[in-house]
Structures are given as C-alpha cells and as structure tokens.
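Residue 1 is where the sequence shown starts when you use the numbering used here, and the numbers rise one by one after that. For every residue, glycine included, the Cβ atom is placed at its ideal position computed from N, Cα and C. No experiment lies behind these values; they were computed from the predicted model shown. Some notes on the structure that comes next.
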Amino acid sequence: MSTITRTLGNLRKIGLKEYWHQLNYIGDTKAGTLVGVDKFGNKFYENREELPIRTRWVDYAKHDYDASHVEPLWHFWLAHGVDTPPPQDPLTKTNRTWASAEHIPNLTATRGAFKTYSTTKPKIRSWEPVAVSRQ
Numbered sequence: 001m002s003t004i005t006r007t008l009g010n011l012r013k014i015g016l017k018e019y020w021h022q023l024n025y026i027g028d029t030k031a032g033t034l035v036g037v038d039k040f041g042n043k044f045y046e047n048r049e050e051l052p053i054r055t056r057w058v059d060y061a062k063h064d065y066d067a068s069h070v071e072p073l074w075h076f077w078l079a080h081g082v083d084t085p086p087p088q089d090p091l092t093k094t095n096r097t098w099a100s101a102e103h104i105p106n107l108t109a110t111r112g113a114f115k116t117y118s119t120t121k122p123k124i125r126s127w128e129p130v131a132v133s134r135q
C-alpha cells in the first residue's frame, strides 16, 4: 500500500489521466521513465527511486493481460535478471532460430493445454474374469 505523499507526488508527476489509468489497471500509481516497447505494444517503465523490486513494471497493450503476453527477454529484464533492457543489450542482436516468430499464449486450463500420458507398461494389471461356457 502506498503512502498518501507518494500517491500525491505521483499524481503531480504523471497527470490525472495517467493516474486514473494506472489505478484502474495496475492498482497503484507509479512514475518512471519509458524504457522500451515490445512488438506486442507493451510499454516498459523503470524508476530506480521506488522501493526495491518495484522499480520495473509493464503497461500491457491488451487489458486481458497474462504473463505470456511479455516477450522472454523483456520478462527476464522485468525479473531483474539483467540490468540493460533488451533494445540496448548486444546479446539480443544474435539470431535465435529456435525462437518462435508468433506469439504463443498460455493455454493452461483450456482444451489446448499440454497433457502428459504414460508410455510404460503398467506393473499391475486389473483382473479380467474369463467365463467358461456351460455344457
């Protein structure tokens, strides 16, 4: 929960329209610098004056958001895995042929979710009665 002075300070920094937007979609008000935008239109912000672990956040382009709507390199930056954002990081310029070009949504709890199955023969078999014909 934010203090009233922090909330009013962010209202002064970001303006009333962005303040209302953040309260509706993030649930908190934050003021920071725009670090970059990914190919899905998500905006990434950073403010090093915030409390630890609250210094980086994302403003999703779609508001039925999910963690799978963030590209992997941006997700790693959000989780404080690296200090430089992906557009400035030289490692992101390498060709990654294994990376999929299109977005793959999270399919958990849907019909398309991955379900495992066993390929081994069971150790215990259920009893199947064999009826002998009468004479």
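**Message:** For L34, which residues in the same chain have their Cβ closer than 7 angstroms to its Cβ, ignoring the five residues on either side in sequence?
**Reply:** Correct list, in chain order: K43, Y45.
**Item:** alpha helix (DSSP H) runs contained entirely in the segment 46-102, provided each spans 4 or more residues
**Value:** The segment 46-102 contains these whole alpha helix (DSSP H) runs: 72-78.
**Message:** Let me check one thing: in DSSP terms, what residues is T33 bridge-paired to?
**Reply:** Answer by DSSP bridge pairing, in chain order: E46.
**Request:** Give me the Cβ distance between L78 and P86, rounded to the nearest whole Å; I'm assuming they're in contact under 8 angstroms.
**Result:** About 10 angstroms separates the two Cβ atoms, so there is no contact after all.
**Message:** Quick check: the Cα distance between G112 and H80, rounded to an integer number of angstroms?
**Reply:** Between the alpha carbons of G112 and H80 lies a gap of roughly 31 angstroms.
**Prompt:** In this structure, does DSSP put Y19 in helix, strand or coil?
**Reply:** Helix, per DSSP.
**Prompt:** When the distance is taken between beta carbons, is T29 closer than 8 angstroms to T7?
**Reply:** Result yes, Cβ atoms of T7 and T29 sit closer than 8 angstroms.
**Message:** Going by DSSP in three states, N106 sits in which element: helix, strand or coil?
**Reply:** Reduced to three states, the DSSP call for N106 is coil.
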